[in-house]
Amino acid sequence: MREHTVLRVVAQLIIPPILIFALYVQFHGDYSPGGGFQAGVIGASAIILYGLIFGVEAARRAIPPTALRITASLGVLIYGGTGVATMLAGGNFLDYDVLAHDPIHGQHYGLLIVEFGVGVTVASIMIAIFYVFAGRGRVEDRDT
Amino acid sequence: MTTEILLNFGLLVFLVAVALALAGMRHLFPVAMLTGLYSLLSASLFTLLNAPDVALTEAAVGAGVTTVLFLATFGLTRAREKPVKASRQVIGLVVTFATGAMLVYASLDMPHFGAKDTPVQTHPLRHEYLVAEQHEIDVPNTVTAVLASYRGYDTLGETAVVFTAGLGVLILLGRSRRGKRSNKA
Chain A
8 MREHTVLRVV
18 AQLIIPPILI
28 FALYVQFHGD
38 YSPGGGFQAG
48 VIGASAIILY
58 GLIFGVEAAR
68 RAIPPTALRI
78 TASLGVLIYG
88 GTGVATMLAG
98 GNFLDYDVLA
108 HDPIHGQHYG
118 LLIVEFGVGV
128 TVASIMIAIF
138 YVFAGRGRVE
148 DRDT
Chain B
33 MTTEILLNFG
43 LLVFLVAVAL
53 ALAGMRHLFP
63 VAMLTGLYSL
73 LSASLFTLLN
83 APDVALTEAA
93 VGAGVTTVLF
103 LATFGLTRAR
113 EKPVKASRQV
123 IGLVVTFATG
133 AMLVYASLDM
143 PHFGAKDTPV
153 QTHPLRHEYL
163 VAEQHEIDVP
173 NTVTAVLASY
183 RGYDTLGETA
193 VVFTAGLGVL
203 ILLGRSRRGK
213 RSNKA
C-alpha cells in the first residue's frame, strides 16, 4: 500500500488524534465514557492502521513485538500489584481506600492505576495479535 | 423522542438488511466489510440507548480490529466460501430458525423498553451504585466505578483472560513463523 498517497497522507493526519483520543479515554475514564479496555483497543487500532498503511515492518520497528510481550504482562502485574499493595497497606485485596489518607482519593488513585494496567495489557495484546496475523502472510508471500 | 424512535427503527432496518445481505454472500471480503458495518450500526444503536462505553468498544473492536484480523486471515486462507450441500443447508436453516424462535420467545418475558418496575430499577443495589457511589468513590462515570472498584476482582479476571487469550494466539501462531524462518536459514 506504499503507493497510495491519499491513504498515506490521511493516515498521517488521523493517527495522532486517534492516539490522543485513546489517552483521553484512558485517563478521563472516571469522568466520561470509556476506560482501560476501550482506550487500549482504540490505541491499538491506531498502531494497526499505521501497520496497514506503512507496512508491518515499520510498525514492528516503532513498537517491537518483544516490548509488547513485556508490556502485556506488565499491565496484569500493575493490576494485581495494586491489589497486593492495598493488602500490604492493611486493607483487603483491591480495596483502594487505603491507598491515600483520604479514602476517596485512594479510590481515585486505585481506579487510575488499575485502568492503566487494563489499557496497557489490552493494547499490547491487540497489537501483538495483529503482528502475528499480518506477519504470517508476509513471510509466506516471500517464501512462495 | 420521535426522532429517537425513527433513528432506532432506521438502524434496526439497516441491521436486518445487512444481515440478509451477509447470508447470501459467497465471497468473504465483502462479508468482512459488511460485518464491520454491522458492528458500526450496533455501536450507533448502543449510543442511542445511552451506553457509550459499550458503543466505544463495539466500534473499536467490532468495526476496527476484527475486520482487520478477518482480512489478514483471508490472506492466509482462501477468501471464498465452499459450496455447501443442499441437505446441510436445510439443517442450518432449521437450527437458525429454532434458535431465533427461542430467542423471540424468551424476549417476550423481558420487561418493556423503558419500563419503570424492572429489577434494574427497583433492586436496592441501584441505590448503592448510583447514589452511595458518589460518596464512596466520587467519580461521575459510575460504569468505571463499578468495573474497577466494586467489581475490581472481576475486572482483574477479565484482564487476565485477555492476557491469556493473547498468549494462546502467540503460542499457536507465533511459533510456526519462527520455525519457517529457521528452516530457510
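Note that the protein sequences, when read in sequence, are chains A and B.
Numbering follows this note's numbering, with no gaps: position 144 of the first sequence is 151.
Numbering follows this note's numbering, with no gaps: position 42 of the second sequence is 74.
Heads up, the beta-carbon is just placed ideally off N, CA and C, and yes, glycines get one too.
With a CB to CB cut of under 8 angstroms and the five nearest residues on each side skipped, what residues in its chain are close to residue i?
i: B:Leu135; result: none
i: A:Leu26; result: Gly50, Ala53
i: A:Tyr116; result: Tyr103, Leu106, Ala107
i: B:Leu80; result: Glu36, Leu39, Asn40, Leu43
Once you ignore the five residues that flank residue i on each side, which residues in its own chain have a CB closer than 6 angstroms to its CB?
i: A:Asp102; result: Thr93
i: B:Val45; result: none
i: A:Gly82; result: Gly124, Val127, Thr128
i: A:Gly43; result: Glu122, Val125, Gly126
i: A:Gly97; result: Val105
Terminal residues of the continuous alpha helix (DSSP H) containing residue i?
i: A:Ser6; result: Nothing about residue 6 of chain A can be read from this structure; chain A reaches only from 8 to 151.
i: B:Gly200; result: 184 to 201
i: B:Glu36; result: 34 to 55
i: A:Glu64; result: 63 to 69
i: B:Tyr70; result: 60 to 80
i: B:Ala130; result: 118 to 139
i: A:Tyr31; result: 12 to 34
i: B:Val175; result: 174 to 177
i: B:Leu88; result: 84 to 89
i: B:Leu103; result: 98 to 108
i: B:His159; result: 156 to 159
i: B:His167; result: 165 to 168
Report the residue from the options whose alpha carbon sits nearest the alpha carbon of residue i.
i: A:Ala46; options: B:Ala92, B:Pro62, B:Met57, B:His59; result: B:Ala92
i: B:Glu168; options: A:Gly142, A:Val105, A:Ala130; result: A:Val105
i: A:Ser39; options: B:Val171, B:Ile203, B:Gly200, B:Leu199; result: B:Val171
i: A:Gln19; options: A:Gly62, A:Tyr57, A:Ile111; result: A:Tyr57
i: A:Ile120; options: A:Phe137, A:Leu84, A:Tyr138; result: A:Leu84
i: A:Tyr86; options: B:Thr67, B:Leu188, B:Leu199; result: B:Leu188
i: B:Met57; options: B:Arg112, B:Thr98, B:Asn82; result: B:Arg112
i: A:Val17; options: A:His35, A:Phe61, A:Ala29; result: A:Phe61
If you drop the 5 nearest sequence neighbours on each side, which residues of the same chain put their C-beta closer than 7 angstroms to that of residue i?
i: B:Leu103; result: Ala64
Whole angstroms are fine: how far does the CA of residue j sit from the CA of residue i?
i: A:Gly41; j: A:Pro23; result: 19 angstroms
i: B:Glu160; j: B:Leu39; result: 33 angstroms
i: B:Leu77; j: B:Leu43; result: 7 angstroms
i: A:Leu52; j: B:Thr89; result: Per the sequence shown, residue 52 of chain A should be read as Ser rather than Leu. The alpha-carbon atoms of A:Ser52 and B:Thr89 are separated by roughly 12 angstroms.
i: B:Glu165; j: B:Ala180; result: 12 angstroms
i: B:Val126; j: B:Leu54; result: 18 angstroms
i: A:Leu188; j: B:Arg158; result: Because chain A is modelled from 8 through 151, residue 188 of chain A falls outside the range shown and cannot be assessed.
i: A:Thr73; j: A:Arg143; result: 17 angstroms
i: B:Arg110; j: B:Leu162; result: 50 angstroms
i: B:Ala138; j: A:Ser131; result: 39 angstroms
i: B:Ser119; j: B:Leu108; result: 29 angstroms
i: A:Ala135; j: B:Gly206; result: 9 angstroms
i: A:Thr12; j: B:Val116; result: 42 angstroms
i: B:Arg209; j: B:Thr154; result: The pLDDT assigned to B:Arg209 is 49, lower than 50, so where the model puts this residue is not dependable; a value taken from the coordinates is nonetheless given after this. Whole-angstrom Cα-Cα distance: 55 angstroms.
i: B:Ala197; j: A:Leu75; result: 14 angstroms
i: A:Phe100; j: A:Asp37; result: 21 angstroms
i: A:Ala141; j: B:Ala95; result: 18 angstroms
i: B:Asp186; j: A:Gly90; result: 12 angstroms
Since residue i and residue j are thought to touch, with beta carbons under 8 angstroms apart, how far apart are those beta carbons, to the nearest angstrom?
i: A:Val125; j: B:Thr191; result: 5 angstroms
i: B:Leu60; j: B:Phe106; result: 6 angstroms
Original post:
Taking any Cβ of chain D, which residues in the region 86 to 104 of chain B have a Cβ under 7 angstroms from it, in chain order?
Top reply: The chain labelled as chain D is not found among the protein chains of the depicted structure, namely A and B.
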